[in-house]
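**Q** Here you go, one structure.
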């Protein structure tokens, strides 16, 4: 498997987590929304790291290494979004642990309702932006293959 295929696979997983978050949102399972939002953003950002051949630690928070994308040849429209995307991942990681184990502290799912609404649009934007970059990269990759074949 090459970086593009692996990146596309990671993005599909991120999209699946996002779809799960939207279902949880519809069901008002706010803790599940937060957990799924975090996983969707994590996998979307990892998909971009993979796309550019950047090794990352096998942990949830890849926000610091994600910032290293600025050193690569990234389209300007995406480059401007890197800081924001990393920040959203950091925020979601902070509350994901509580969302996953809130029952230990007696926290109910409703504790996460405001955060679910707060992060709904930013997470959707991140998923859409990462998909768009992978599609652009894929098209350029195919164009390059076609030129080599000619």
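In the numbering used here, the protein residues as written are -4 to 145. For glycine and all other residues, C-beta sits at the position ideal for the given N, C-alpha and C.
Does DSSP classify residue -3 as helix, strand or coil?
**A** Within the chain shown, residue -3 is the residue found at index 2, counting from 1. Reduced to three states, the DSSP call for residue -3 is coil.
**Q** Take the Cβ of residue 9 as the centre, count every other Cβ of all protein chains shown within 10 Å, and call the residue buried at 16 or more, exposed below.
**A** Within the chain shown, numbered from 1, the residue matching residue 9 stands at position 14. With 16 or more Cβ atoms within 10 Å of its Cβ, residue 9 is classed as buried.
**Q** Would you report the Cα separation of residue 0 and residue 134, rounded to the nearest angstrom?
**A** Translated into positions along the chain shown, residue 0 becomes position 5. Translated into positions along the chain shown, residue 134 becomes position 139. Rounded to the nearest angstrom, the two C-alpha atoms are 13 Å apart.
**Q** In terms of alpha-carbon separation, which member of 131, 126, 136 and 137 lies closest to residue 35?
**A** Along the chain shown, read from residue 1 onward, the residue named residue 35 stands at position 40. Taking only the C-alpha atoms, the option nearest residue 35 is 126.
**Q** Thinking C-beta only, is residue 60 closer than 9 Å to residue 2?
**A** Here the question's residue 2 lines up with position 7 in the chain shown. Here the question's residue 60 lines up with position 65 in the chain shown. No, the Cβ-Cβ distance between residue 2 and residue 60 is not below 9 Å.
**Q** Straight-line CA distance for residue 105 to residue 112?
**A** Along the chain shown, one-based indexing puts residue 105 at 110. Along the chain shown, one-based indexing puts residue 112 at 117. Using only the alpha carbons, I get a separation of about 12 Å.
**Q** Taking 8 Å as the cut-off, does the segment 7 to 24 touch the segment 65 to 73 (at least 3 CB pairs, one atom from each stretch)?
**A** No, the segment 65 to 73 does not touch the segment 7 to 24.
**Q** In whole angstroms, what is the alpha-carbon distance linking residue 129 and residue 46?
**A** Working through the chain shown from its first residue, we reach residue 129 at position 134. Working through the chain shown from its first residue, we reach residue 46 at position 51. Approximately 8 Å, taken between the alpha carbons.
**Q** With distances taken Cα to Cα, identify the nearest neighbour of residue 109 among 11, 58 and 28.
**A** Here residue 109 corresponds to residue number 114 of the chain shown, with the count starting at 1. Considering only alpha carbons, the answer is 28.
**Q** How would you write the range of the alpha helix (DSSP H) that residue 31 sits in, first residue to last?
**A** Residue numbering aside, residue 31 sits at position 36 when the chain shown is read from its first letter. Element bounds for residue 31: 25 to 46.
**Q** If you reduce the DSSP assignment to three classes, tell me which class residue 56 lands in.
**A** Residue 56 sits at position 61 when you count from the first residue of the chain shown. In the structure shown, residue 56 sits in coil (DSSP, three-state: anything other than H, G, I, E or B).
**Q** With burial defined as no fewer than 16 other Cβ atoms inside 10 Å of the residue's Cβ, what is the status of residue 114: buried or exposed?
**A** One-based indexing of the chain shown puts residue 114 at position 119. It counts as buried.
**Q** Out of curiosity, what's the CA-to-CA distance linking residue 83 and residue 74?
**A** Position 88 of the chain shown, counted from the start, is the residue given in the question as residue 83. Position 79 of the chain shown, counted from the start, is the residue given in the question as residue 74. Taking the straight line joining both Cα atoms gives about 15 Å.
**Q** Between which residues of its own chain and residue 5 is the CB-CB distance below 7 Å, once the five residues before and five after are set aside?
**A** Within the chain shown, numbered from 1, the residue matching residue 5 stands at position 10. 38, 41, 42 and 45.
**Q** Could you tell me which of 121, 17 and 13 sits nearest to residue 72, measuring between CA atoms?
**A** Your numbering for residue 72 matches position 77 in the chain shown. Among 121, 17 and 13, the Cα nearest to that of residue 72 is on 121.
**Q** Ignore the nearest five residues each way along the sequence and tell me which others in residue 30's own chain have a CB closer than 6 Å to its CB.
**A** Within the chain shown, residue 30 is the residue found at index 35, counting from 1. Counting only Cβ-Cβ distances below 6 Å, and skipping sequence neighbours, we find 91, 94 and 95.
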